[in-house]
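Mind the numbering: the sequence shown is residues 0 to 102 in numbering that gives the first Met the number 0, read in order.
Here is the structure we will look at.
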Amino acid sequence: MHKLLQIWGAPQNNFAKNGDNYWVLAHVTPSLDDEGNVVGYHSNRRVPKRDILENTIIPLYKQLLEIENNESSRKVGLQKSEQKLTEIVAAQEVSYDEFILSI
0 MHKLLQIWGA PQNNFAKNGD NYWVLAHVTP SLDDEGNVVG YHSNRRVPKR DILENTIIPL
60 YKQLLEIENN ESSRKVGLQK SEQKLTEIVA AQEVSYDEFI LSI
C-alpha cells in the first residue's frame, strides 16, 4: 500500500493555548476523492489511560527526546531516536502498528 494511503496512529504531546501540555492517542486516516486520490487527512484522538501514559508513553518519550537532545545536529538526533524506537519495537517482536495498538 502506498505510504500516503496508510492509516497510522501514535501518542501525541499537544499544547493548550495557555501553554499546558496534554497527551492524546491520535489515529490518522487519509480522505480520498472519487478517484482514490488523497485530498487530506482526518484525525481522531482519544485520551490515553493514565497508567499507560505514566508507565509507558511518557518514559519512552523522555528516552527518545534525550537521545535527540544529546546530538548537536537535529537531523542526527532524530535519526538516532528513530533507530532506538525501531530497536524497542523489534525487541517486542511486533510491528510498529501492533506496538502502538498495544499501548
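C-beta atoms are modelled at their ideal positions from N, C-alpha and C, and glycine is treated no differently.
Three-state secondary structure assigned by DSSP to residue i
i: Asn-13; result: strand
Enclosing alpha helix (DSSP H) for residue i [first to last residue]
i: Gly-39; result: From DSSP, Gly-39 is part of no alpha helix (DSSP H) but of the beta strand (DSSP E) over 37–45.
i: Thr-55; result: Counting along the chain, Thr-55 falls outside any alpha helix (DSSP H), and DSSP gives it neither H nor E.
CA nearest to the CA of residue i, picked from the options
i: His-104; options: Leu-64, Pro-47 and Arg-73; result: Because the chain is modelled from 0 through 102, residue 104 falls outside the range shown and cannot be assessed.
i: Glu-81; options: Tyr-60, Phe-14, Val-93 and Ser-71; result: Tyr-60
Alpha-carbon spacing of residue i relative to residue j, whole angstroms
i: Lys-83; j: Glu-53; result: 20 Å
i: Glu-97; j: Glu-86; result: 14 Å
i: Leu-100; j: Ala-89; result: 15 Å
i: Ile-51; j: Asn-36; result: 36 Å
i: His-41; j: Lys-16; result: 22 Å
i: Glu-67; j: Tyr-95; result: 20 Å
i: Glu-65; j: Val-38; result: 36 Å
i: Gln-78; j: Gln-62; result: 14 Å
Endpoints, the beta strand (DSSP E) within which residue i is located
i: Val-27; result: 20–31
Proximity below 9 Å, CB of residue i to CB of residue j
i: Val-23; j: Arg-44; result: yes
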